[in-house]
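Below: one structure, written as structure tokens.
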Amino acid sequence: MEHVSLPPLSRVAICGGTHGNEMSGVYMVKEMQKQKVHRTESVSITTVLSNPRAVDACRRYMETDLNRCFTDALLSAPITDSTPYELRRAQELNAQLGPKGSPEAVDLLCDIHNTTANMGMCLIFYSLDWITLHIYNYIQSKMTSAPVRAIQMDIPISEAYSLESVGKRGISIEVGPQPNGVTRADIFNMAKEAVDLTLEWLQKLNSGSTFEGGEVEAYTLVKSVDYPRDPTTNDITAAIHPQLQDNDFKLLKPGDPIFLSFSGETVKHEGEELYPLFVNECAYYEKKIAFHLAKKVTLAFPSISVKKED
Amino acid sequence: MSSCNNSACLNEARRVAIFGGTHGNEMSGVTLVNLWVKNSAEIQRKGVETKPFITNPKAVEKCTRYVDTDLNRAFTPENLSAPGGDNLPYEVQRAQEINRIFGPKESPDAYDVIFDLHNTTSNMGCTLILESSNDHFNLQMMHYIKKAIAPASCLVLLNEHPLLKYSTSRSVAKHPVGLEVGPQPQGVLRSNIFEAMRVILKHALDFIELFNEGMEFPPCTVEAFRVLERIDYPRDANGNIIAMVHPNLQDCDWEPLNPGDPMFQTFDGKTIHYHGSGTVYPTFINEAAYYEKQQAFVTTRREALVASAIRKV
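Listed in order, the protein sequences are those of chains A and B. Everything in the first sequence is counted per the UniProt record's numbering, starting at 1 for the first residue and increasing by one. Everything in the second sequence is counted per the UniProt record's numbering, starting at 1 for the first residue and increasing by one.
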């Protein structure tokens, strides 16, 4: 692949509390604001507590999930008296850090999340972008405290619904397992390391380093699987099987157990071999998702450096 | 309790309740009780009426710990006799209703045994919570359960502390038993946690059946952990938390914490050490619901509780 030159990346946003009970991001942003972290040498840093009301209440959201409010359509919807809090907040965040799709948007938006699933350190990003792949590659090469994986959302940016799509480039840093409302030091330290490495990489890029191209593996979502339910009451009738529980990213083959019903029956996986993720994520019960299934892809990326000013 | 030939003679336990959803987001109890309300075959025992009951249905529906106030702190004498009906906080109304159905608390009409099912985000494994070291019936039951599930472990936590003890839903019964199983995030149902709780209840009900049939249980010793004090998170002048449970302490419920051991880690990476006067055994380490109750963990000490022999009257 041909080498790519680009202008320096000078504006970064670090966001936490997009879900008010995912505590790593909440405390990281609060700590950065307390320490008055505004910039590194070449990068200006904006720290934002995305959903302050939900943070105060220690809830995922007040009226609607903020991290589903950033589609082009929702960002341009007129605000009325009955507009939910999070839709208004999404438009505020878009004005502050975007507007999405415009030259004024921040160069990179990092949004920090936690999951109750055993996913370790995951970087989630939208369509192919050399910057995000390089950041993933850099973090993966430097971080030893947990496996680092990438999840690519195969959705056009206009339909991209999460906060990080507001930046010119965005990464969602997803760390687990951690219960809602709990701050685990090991998980916090991992999230902090990922943010520090991201800023370090940007600093090196802006200072003129060339980063070699290569290939990385990522996961792309294929489909999601709901819990078995009672046809009349819609109540869940089984739990994630103990052999699937905590085994995110372990290849699921046809015949492998996926659910154990309350009456003791095992439900097995049917269909192609795929990788499960977000296994038993608390917030997904209401979205009717027991786990996602993904396939592995290999993504190639070119070497990059900043354009030298003449 | 009367004494006959060195055994404590107790009445049969005829009326038993199993409470789920006292905290609406602790899913094992919610799921088990809903199952048993639909089909109670699994919890039936000869000579015992066992009633499964969702104590906080509004909280369960919202999958939240509580709506107005913590139901598991609401059974105080003031609350139970408070006038005001519909104007009272939801959980106080519920407490009065539960006291009517399963109590009145401290009266001869109260239910014999109430099992209250809970989950915790702490790595406590299976824990039975005891409210009185003089409850020989409960001590014998807990001894029976521990033996029945061995080599799997089930520990006993005794909370008799005059200031830290609280007015639980189960306290309405003559013999209140708390079942706390973790770690499990709020709002999540883990199969292994669910099945562990189910097995403990099975043995508990077996014990009651055997007792009611006339089996005598000889004196025994039950190892327990007695609650000593509550340790809060370090906070700044505005009351904001400034540190997290240290990685060396996280998940180490029931393991010794010695003076000088790491206890908290500040957000900027410094370690805060434990400076108590002796070794303690911490538990409820990093329970989600306790941040608002100013509790990072509780300290306990190990104690051997002696249970008299018991048999039915």
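In this text, a Cβ means the ideal position worked out from N, Cα and C, and glycines have one as well.
Residues of the stretch 164 to 193 of chain A with a C-beta atom less than 7 Å from some C-beta of chain B are Pro179, Asn180, Gly181, Val182, Thr183, Arg184, Ala185, Asp186 and Phe188, listed in chain order. Within chain B, no C-beta atom comes less than 7 Å from the C-beta of Ala13 (chain A); the nearest is roughly 20 Å away. Shown here for Arg45 (chain B): same chain residues with a beta carbon closer than 6 Å to its own, the five before and five after excluded, namely Leu205 and Glu209 in chain order.
In the three-state reduction of the DSSP assignment, Tyr281 (chain B) falls in the strand class. When DSSP assignments are scanned along the stretch 211 to 294 of chain B, no uninterrupted stretch of alpha helix (DSSP H) that is 4 or more residues long falls wholly within it.
Between the C-alpha atoms of Ser158 (chain A) and Asn67 (chain A) there is a straight-line separation of about 14 Å.
The CB of Phe125 (chain A) never comes closer than 7 Å to any CB in chain B; the least such distance is about 26 Å. The continuous stretches of beta strand (DSSP E) do not include Ile145 (chain B), which lies in the alpha helix (DSSP H) extending over residues His136 to Ile149. Taking the beta carbon of His241 (chain A) as reference, the chain B residues within 7 Å of it are Ser191, listed in sequence order. Those residues of the stretch 253 to 272 of chain B placed with their C-beta closer than 7 Å to a C-beta in chain A are Gln265, Phe267 and Asp268, ordered along the chain. Less than 7 Å separates the beta-carbon of Leu299 (chain A) from that of Leu133 (chain A). Cβ proximity to chain A below 7 Å picks out Pro185, Gln186, Gly187, Val188, Leu189, Arg190, Ser191, Asn192 and Phe194 from the stretch 173 to 203 of chain B. Unbroken beta strand (DSSP E) stretches of 3 residues or longer found wholly inside the stretch 83 to 129 of chain A: 108 to 114 and 120 to 125, given in chain order. For Glu92 (chain A) and Tyr85 (chain A), the gap between their C-alpha atoms comes out near 11 Å. Across the structure, Leu9 (chain A) and Phe194 (chain B) are spaced so that their CA atoms are roughly 49 Å apart.
Unbroken beta strand (DSSP E) stretches of 3 residues or longer found wholly inside the stretch 135 to 210 of chain A: 148 to 152 and 169 to 176, given in chain order. At a cut-off of 7 Å between C-beta atoms, Pro247 (chain B) counts as an interface residue with respect to chain A. Rounded to the nearest whole angstrom, the CA to CA distance from Ala307 (chain B) to Pro77 (chain B) is 29 Å. Using a Cβ-Cβ distance cut-off of 8 Å, the stretch 43 to 53 of chain A and the stretch 6 to 24 of chain A are in contact, since at least three pairs of beta carbons, one from each stretch, lie closer than that value.
Taking 7 Å as the Cβ-Cβ cut-off, the stretch 118 to 145 of chain B approaches chain A at Thr121, given in chain order.
With a threshold of 7 Å between beta carbons, Met244 (chain B) makes contact with chain A.
Judged by DSSP secondary structure, Ala95 (chain B) falls within the alpha helix (DSSP H) whose first and last residues are Tyr90 to Phe102. A:Asp154 is the residue among A:Lys268, A:Asp107 and A:Asp154 whose C-alpha sits nearest the C-alpha of Lys296 (chain A). Per DSSP, the continuous alpha helix (DSSP H) segment holding Ser28 (chain B) begins and ends at Met27 to Lys38. The alpha carbon of Thr183 (chain A) has as its nearest neighbour, out of A:Ala290, A:Val166 and A:Asn114, the alpha carbon of A:Asn114.
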